[in-house]
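When the count follows my numbering, it moves up by one through the sequence shown with no breaks and lands on 193 for the last residue.
See below for the structure under consideration.
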Amino acid sequence: MDTVLLHETGIYVFETKNISGAISGSIEQKQWSQIVNSRASHSFYNPVLQNMGHMRALLHKLHVRLEKTPIYSFIVFSDRCTLRLAPVSGTFGRGDDCWRLLHLSELKGVLKESMMKRPSIYHSKQLETWWKELQSCVNVDESVKKSHAESIQRLHHHN
């Protein structure tokens, strides 16, 4: 996971994809594709599923249950790519707009709208407790990041 925003309306988890070209895939597909200059094709793990894994790990770390926690997934793509994806948002079966695919230039407006339509449910004390809990996960050593990236790559290329 790239960024977590702890807010009075819920937990917002961001996965960023700094890539260019045409991006295609669907929520059901494990692998999505990136086509650059109509020649080079590259596949990558479905970022919606990737961020779902991040969200589960985050909730486990914070000792909260998914069904009791408003948590929202934003998959943010570079403005240099074209998204050929459908749908661009979904619910994870929870009855709310829980995940969203968007370009970086859309993020500020979409996030503001998302926060404004939801009620405030967390007090600053709860948010601070979670923030402290997450500090051990911030600025991890480069070797840990590399090991994590390699294990993800192995896992998703063998499935």
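For glycine and all other residues, C-beta sits at the position ideal for the given N, C-alpha and C.
With residue i as the anchor, note down where its alpha helix (DSSP H) starts and where it stops.
{"i": "Ala91", "result": "Pro81 to Leu96"}
Mapping the DSSP letters down to three states, classify residue i as helix, strand or coil.
{"i": "Val122", "result": "coil"}
{"i": "Cys171", "result": "helix"}
{"i": "Ser154", "result": "coil"}
{"i": "Glu62", "result": "coil"}
{"i": "Ser107", "result": "strand"}
{"i": "Ser139", "result": "helix"}
{"i": "Thr43", "result": "coil"}
{"i": "Ser77", "result": "strand"}
With 16 other CB atoms within 10 Å as the buried threshold, where does residue i fall?
{"i": "Cys115", "result": "buried"}
{"i": "Val70", "result": "exposed"}
{"i": "Ser170", "result": "exposed"}
{"i": "Ser107", "result": "buried"}
Would you mind reading off the limits of the beta strand (DSSP E) that contains residue i?
{"i": "Gln68", "result": "Gln65 to Val70"}
On a CA-only basis, which of the options is nearest residue i? Give me that one, please.
{"i": "His88", "options": "Lys166, Val144, Trp133 and Ser72", "result": "Trp133"}
{"i": "Trp164", "options": "Gln84, Gln63, Ser60 and Thr103", "result": "Thr103"}
{"i": "Gly59", "options": "Val47, Leu135 and Val98", "result": "Leu135"}
{"i": "Gln68", "options": "His76, Ile61 and Glu62", "result": "His76"}
{"i": "Ser72", "options": "Lys166, Asn80, Ile57 and His97", "result": "Ile57"}
Sufficient close CB pairs (3 or more, under 8 Å) joining the stretch 148-158 to the stretch 39-52: Touching, yes.
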